[in-house]
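*Asks:* One structure, pasted below without further comment.
Residue numbers (this note's numbering), protein chains in the order written: chain U, 34 to 468; chain B, 1203 to 1995.
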């Protein structure tokens, strides 16, 4: 079983119960489990949302939208049933945090779902796991069964008179389904393609009902906020970026792993102190700060705090918290190609710019890497990516375009080194970091 | 909804709140390009061509998903927008084969047009295009995958529009492909909607592919010759060695009563016109018993002489006339006038596919529903028939009303017809329960029982407006009972379903032994006699043969009686125009052995094979005039095709009359004072110089060129005599459908008339005798036969 990595700077909030046997409901209860849900039953919807807003928790899926505000968008009155949907379709390359939560603390997801449901008076929640996480489904299902047995789920939960059900579901292996509206389509049994928005899920979501959709880490954080208090939680992070984050450190590091660190933790420190620096005394070449879709940062750009705002200011995104570290031996063309291979493979094909753009980018990068390109091909790659950006149906197109633009912009020289039949001067890419 | 005001490209526009920006712009003449957007289908926002700049929005927005809002400021063309569209086209062209010179869509391809407009003329890629072999999915549908731009219009029109759901999407990403849901072939209604809606040449049709370049065709909008819906079909015609060939049928301009829709018959089953066994020479039976080609003059003279002999020798009662459900109103009208005034007989009938006289009588001036009305109906009651099979245009209209306007559909049938899937209430009744149902709906509580029936009637009673449409299950008195429902509900309109393009016209024009045009009993034909300038009753036929004779005042023989008379040797001659009663009624050849039979037809049908004279007739696509669909919509029939050797039924009848010595001017009052001339609008492909002259002549108060073969000369007479047809001539000639006027008719004891209705029971892929001569329909039927079980390996 993979474990959470620790460092003296670690602040275990979400990972507080990891490794303590909290998979079992009795242990979970012993570790203050389901206290938050009881508290929330007393607080009522407005109280819950007030606390959530006070916690400054921002969505851990990548966009960083304030969670409390998202919940407050759900209309109070609705003719159709309301739902809570937990996005556990963790597929962003470089990201491997949600699986630890499902594996070590499944009840925190259940309790978080329940609290989200109470905040909007929903009566049903869905926990959606990525297809490749089928082995985690057993853990989740057992945990759900236990919660039903204890009366925490089902009819009259905690004797409150309120009913709440949870259903678990796995995907079939599509990155696109991590996009919230495609996730709803998939859950409804349809092709995993995104929906037109507006209407937004908070108003018209799953099965047409108002729906809260949150990343698994966001949901798992919720009970902890009520455990330690919203104000305490907010204090851990930086301004407007409350709490901690599970950072997934991978690539050329002495000590890769998932670390829970406060929001705003310095990236340079994260690489050199928490991650133990680059093996073999090699030089740092680049850092992908938040999963493969975020624009790459140069060594001189990494002295920044890892929160949504500061990384954004540096021209990239905090994203999913997947920090991929690349040493001097990496061929950036090959890395760009490997990234594009992923997006081409995962594009759902719905809209033209993404479907065709990723395909042509992959082809162009393949040819460039093999030495079959001329100078204007580099411009063309950038042209393609720039014309995808902001033009696609959903963010997947942006996710493919943004890093590509950054690769060409920041490593143009390296791209040029591949031209005119020369091909790749290096042949190494940390495949492991990208699987 | 209330109007909102917004600005597009600096122009202040107004549109109802909730209107899609792309539609609001189009309504004001601002075209925003789109591949995936299609009015009436679900929104995709997939092609990203309709991106526009809306103030205060960070990114370009798709006009197809944005609804207009008060104060919105929109830019639809700018360098930024042009670049976005150009980039999208460049991406599409990356894999799109540039086989435009041989592509069916070349010249009318939306991708071509957009490439031209946004100038994506430089190839950015050197990689080999992905090639895939072309696939044939059905006799009708071919798919050329590399040309597909994945706009999903075909998938949507098939599913949402047709409720067939035969197409889907396989794979994902760049590997996405449109595919039949049944692996390698389509199991569908073969309507071809997917082909017509395809913006590029990815879907092509079995009849049209690789036949022509689009600009080589002329396009003539006329009326489909097949079922009774009377859909408008625009025929693409091209000059050939022996006239004008029809190459294509479609309804792309949506100008007809059928909107977007055409079924397989309207779109593809025009191919009978070009069959090798099409009759192009008159045939006369020789002394050796064989039919031999002769000249038109010979055949006309021979037939005219024989008819006159028989009339003069044995009287009009020894002659029978059978008319057609597929000729124009003018031809049907002329045929009955010829029968009554020249042949001197009321022995005239046609294949009755439903009981229109009883319907018109029962309506007693209550309104009829136009085919148009169904698309926007609030509620529809459909009893009997199977509209999906027999009236696909109506089925489309009903589905549209349900899907886009939330109409409530009430279906009662003894079969589980497909339209029950759109029904709010479906009532399954016994095959013999139709009369009881009518009585029940009309208020007789004892006629039917059961909760479903109660809910059905309760639902209907709550409707504030209702269209009632029923099949041939209802005849005579039963129709009356059904129409009674109309007096219990507000805003009810009725429609009665009969088959073939002009079955209603044949009925309205008096192809009955007892009814004159407009359902006037032959016993009360005073106005007709006055118009024709003749006496009621037959004069001495021999005395003055050149004179048109009186109107026979006694009802003649109906279809069955005519064959009975023939069998007894009492029918000396039988003129059959565009009908195949021998096959339809199973008449034994021996029955006609003592009858001189004249047939006017396209093919040597079972009836024509027994004839003594066969005239090769023009099809509905090769003539002008008007036709009335089963809903009472009168439409212009335009001459699209031309075939050397054939003549219109109109011309054949006039010439037969002349050969018999009748006064042609009396038969067709051309050149008469007050006659309005056809200015050529009716002649479609043939219009040109002669028509310009006609317009000029009329403008200078000179007598326009008229001929006795001009159907509009007689349409004037129809309009004078049949009040229901007093429609706007201008609208008609402009190609707009006109609805017959509600008219009171008094048919003596309509309910007591002999029931001779014989429903055609056609399906989507059959069309009476004519349908058998369509290769396309034949190949579809062949493909749909259950696969023969292969021998065990």
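Virtual Cβ for every residue (Gly too), placed ideally from N, Cα, C.
1. Using the Cβ count rule (16 or more neighbours within 10 Å means buried), how would you classify residue 122(U)?
2. Tell me whether residue 36(U) sits in a helix, a strand or coil according to DSSP, three-state version.
3. Please tell me whether residue 134(U) and residue 249(U) are closer than 9 Å, where the distance is taken between their beta carbons.
4. Give a yes or no on whether the C-beta atoms belonging to residue 1583(B) and residue 1668(B) are separated by under 9 Å.
5. Would you kindly work out how many angstroms separate the C-alpha atoms of residue 1811(B) and residue 1818(B), rounded to a whole number?
6. Looking only at C-alpha atoms, which of 1522(B), 1249(B), 1243(B), 1220(B) sits nearest to residue 1272(B)?
7. Should the stretch 1726-1737 of chain B be regarded as contacting the stretch 1776-1792 of chain B, the criterion being three or more beta carbon pairs within less than 8 Å?
8. Would a check of beta-carbon distances place residue 390(U) closer than 9 Å to chain B?
9. Distance check for residue 1450(B) and residue 1742(B), CA to CA, integer angstroms please.
10. Determine which residues of the stretch 1218-1249 of chain B have a Cβ less than 7 Å from any Cβ of chain U, and write them out in chain order.
11. Jot down the residue ranges of each uninterrupted beta strand (DSSP E) in the stretch 1801-1870 of chain B, minimum 3 residues, whole runs only, in chain order.
12. With which residues is residue 255(U) paired in a DSSP beta bridge?
13. By DSSP's criteria, residue 1388(B) is part of a beta bridge. Which residues make up the other side?
14. Establish whether the CB of residue 1207(B) and some CB of chain U are separated by less than 9 Å.
15. Assuming residue 143(U) contacts residue 180(U) under a Cβ cut-off of 8 Å, what Cβ separation, rounded to an integer in Å, is found between them?
16. How long is the line joining the alpha carbons of residue 1457(B) and residue 119(U), rounded to whole angstroms?
17. Rounded to whole angstroms, what is the Cα-Cα separation between residue 1881(B) and residue 1793(B)?
18. How far does the alpha helix (DSSP H) with residue 459(U) in it extend, from its first residue to its last?
19. On the CB-based measure, 16 or more other CB atoms within 10 Å of its CB, does residue 1955(B) come out buried or exposed?
20. Considering only residues of the same chain and omitting the five flanking positions on each side of residue 1681(B), which have a CB-CB separation below 6 Å?
21. From this set, 1835(B), 1909(B), 1842(B), which residue's C-alpha is nearest residue 1852(B)'s C-alpha?
22. Is there a Cβ from chain B that is less than 9 Å from the Cβ of residue 397(U)?
23. Just to confirm the assignment, what range does the alpha helix (DSSP H) spanning residue 1531(B) have?
24. Comparing C-alpha positions only, which one of 139(U), 339(U), 395(U) sits nearest to residue 414(U)?
25. State the DSSP-derived secondary structure class of residue 137(U), mapped to helix, strand or coil.
26. Under 8 Å: do the stretch 351-359 of chain U and the stretch 309-323 of chain U share three or more Cβ pairs, one atom per stretch?
27. In the stretch 350-383 of chain U, which residues sit with their C-beta less than 8 Å from some C-beta in chain B, listed in chain order?
28. Answer with buried or exposed for residue 1656(B), where buried requires no fewer than 16 other C-beta atoms within 10 angstroms of its C-beta.
29. Do residue 1432(B) and residue 1830(B) count as a contact pair if the criterion is CB distance below 9 Å?
30. What do you reckon, are the CB atoms on residue 1839(B) and residue 1530(B) nearer than 9 Å?
31. At what residues does the alpha helix (DSSP H) containing residue 1783(B) begin and finish?
32. Tell me whether residue 1220(B) sits in a helix, a strand or coil according to DSSP, three-state version.
33. Between residue 1366(B) and residue 1390(B), what straight-line distance do the alpha-carbon atoms span, to the nearest angstrom?
34. Please classify residue 93(U) as buried or exposed, where buried requires at least 16 neighbouring CB atoms within 10 angstroms.
35. Listing by chain order, which chain U residues have their CB less than 7 Å from the CB of residue 1296(B)?
36. Should residue 140(U) be labelled buried (16 or more other beta-carbon atoms within 10 Å of its own) or exposed?
*Replies:* Reading from the atomic positions:
1. The sequence position of residue 122(U) within the first chain is 89, counting from 1. With 16 or more Cβ atoms within 10 Å of its Cβ, residue 122(U) is classed as buried.
2. Within the first chain, the letter at position 3 stands for residue 36(U). In the displayed model, residue 36(U) falls within coil according to three-state DSSP, outside both helix and strand.
3. The residue you call residue 134(U) lines up with position 101 of the first chain. The residue you call residue 249(U) lines up with position 216 of the first chain. In terms of Cβ geometry, residue 134(U) and residue 249(U) form a close pair [threshold 9 Å].
4. As a working note, residue 1583(B) is residue 381 in the second chain. As a working note, residue 1668(B) is residue 466 in the second chain. Note that the C-beta distance between residue 1583(B) and residue 1668(B) is below 9 Å.
5. Residue 1811(B) sits at position 609 when you count from the first residue of the second chain. Residue 1818(B) sits at position 616 when you count from the first residue of the second chain. Those two C-alpha atoms are separated by around 13 Å.
6. By one-based count along the second chain, residue 1272(B) stands at place 70. Taking the Cα of residue 1272(B) as reference, the smallest distance to any Cα among 1522(B), 1249(B), 1243(B), 1220(B) is reached at 1220(B).
7. Of all C-beta pairs linking the stretch 1726-1737 of chain B to the stretch 1776-1792 of chain B, fewer than three are shorter than 8 Å, placing the two stretches out of contact.
8. What you label residue 390(U) is simply residue 357 of the first chain in a count that begins at 1. For residue 390(U), the answer is yes, since a Cβ of chain B falls inside 9 Å of its Cβ.
9. Counting from one through the second chain, the residue named residue 1742(B) turns up at place 540. Counting from one through the second chain, the residue named residue 1450(B) turns up at place 248. Here the model assigns residue 1742(B) a pLDDT of 49, short of 50, so the residue's position is not dependable, and the following value carries that caveat. The alpha-carbon atoms of residue 1742(B) and residue 1450(B) are separated by roughly 52 Å.
10. Shown in chain order are the members of the stretch 1218-1249 of chain B whose Cβ falls below 7 Å from a Cβ of chain U: 1245, 1247, 1248, 1249.
11. Segments of the beta strand (DSSP E) lying fully in the stretch 1801-1870 of chain B: 1815-1818, 1827-1830, 1835-1839.
12. If you number the first chain from 1, residue 255(U) lands on position 222. Residue pairing for residue 255(U): DSSP places it in no beta bridge.
13. One-based indexing of the second chain puts residue 1388(B) at position 186. Partner(s): none; residue 1388(B) has no beta bridge.
14. Locating residue 1207(B) in the second chain gives position 5, counting from the first residue. Nearest CB-CB separation between residue 1207(B) and chain U: not below the 9 Å threshold.
15. Sequence index remark: in the first chain, residue 143(U) carries index 110 (1-based). Sequence index remark: in the first chain, residue 180(U) carries index 147 (1-based). Cβ-Cβ separation between residue 143(U) and residue 180(U): approximately 5 Å, consistent with a contact (criterion under 8 Å).
16. Taking the first residue of the second chain as position 1, residue 1457(B) is located at position 255. Taking the first residue of the first chain as position 1, residue 119(U) is located at position 86. It is roughly 50 Å from the alpha-carbon of residue 1457(B) to the alpha-carbon of residue 119(U).
17. What you label residue 1881(B) is simply residue 679 of the second chain in a count that begins at 1. What you label residue 1793(B) is simply residue 591 of the second chain in a count that begins at 1. With a pLDDT of 49 at residue 1881(B), under the threshold of 50, the predicted position of this residue should be treated as unreliable, and no value is reported.
18. Here residue 459(U) is taken as the residue at index 426 of the first chain, counted from 1. Where residue 459(U) is concerned, there is no enclosing alpha helix (DSSP H), given that its DSSP letter is neither H nor E.
19. On the second chain, position 753 is the one that residue 1955(B) refers to. Counting of Cβ neighbours within 10 angstroms places residue 1955(B) among the buried residues, the total reaching 16 or more.
20. Taking the second chain and counting its residues from 1, one reaches residue 1681(B) at position 479. For residue 1681(B), where only same-chain residues beyond five positions count, the Cβ hits under 6 Å are 1560, 1561, 1564.
21. Reading the second chain from its first residue, position 650 is the one you call residue 1852(B). Among 1835(B), 1909(B), 1842(B), the Cα nearest to that of residue 1852(B) is on 1909(B).
22. Your numbering for residue 397(U) matches position 364 in the first chain. At least one beta carbon of chain B lies nearer than 9 Å to the beta carbon of residue 397(U).
23. Indexing the second chain from 1 puts residue 1531(B) at position 329. Run containing residue 1531(B): 1531-1539, per the alpha helix (DSSP H) assignment.
24. As a working mapping, residue 414(U) is identified with position 381 in the first chain. Residue 414(U) has its Cα closest to that of 395(U), out of 139(U), 339(U), 395(U).
25. Against the first chain, residue 137(U) aligns to sequence position 104. The three-state reading of DSSP puts residue 137(U) in helix, counting H, G and I together.
26. Taking 8 Å as the limit for Cβ pairs, the verdict is that the stretch 309-323 of chain U does touch the stretch 351-359 of chain U.
27. Among the residues of the stretch 350-383 of chain U, those with a Cβ less than 8 Å away from any Cβ of chain B are 377, 378, 379, 380, 381, 382, 383, in the order of the chain.
28. Stepping through the second chain from its first residue, residue 1656(B) is reached at position 454. That one is exposed.
29. In the second chain, residue 1830(B) corresponds to position 628, counting from 1. In the second chain, residue 1432(B) corresponds to position 230, counting from 1. The answer is yes: Cβ separation under 9 Å.
30. Residue 1839(B) sits at position 637 when you count from the first residue of the second chain. Residue 1530(B) sits at position 328 when you count from the first residue of the second chain. Yes; because the gap between Cβ atoms is below 9 Å, this pair is in contact.
31. Your numbering for residue 1783(B) matches position 581 in the second chain. Its alpha helix (DSSP H) spans residues 1783-1786.
32. Numbered from its first residue, the second chain carries residue 1220(B) at position 18. The three-state reading of DSSP puts residue 1220(B) in coil, since its state is none of H, G, I, E or B.
33. On the second chain, residue 1366(B) is found 164 positions in, with the first residue counted as 1. On the second chain, residue 1390(B) is found 188 positions in, with the first residue counted as 1. So the alpha carbons of these two residues sit roughly 6 Å apart.
34. In the first chain, counting from the first residue as 1, residue 93(U) sits at position 60. Here residue 93(U) is buried, its C-beta having at least 16 other C-beta atoms within 10 Å.
35. Position 94 of the second chain, counting from 1, holds the residue named residue 1296(B). One finds 389, 393 in chain U with Cβ atoms closer than 7 Å to the Cβ of residue 1296(B), taken in chain order.
36. Residue numbering aside, residue 140(U) sits at position 107 when the first chain is read from its first letter. Within a 10 Å sphere around the beta-carbon of residue 140(U) sit 16 or more other beta-carbons, which makes this residue buried.
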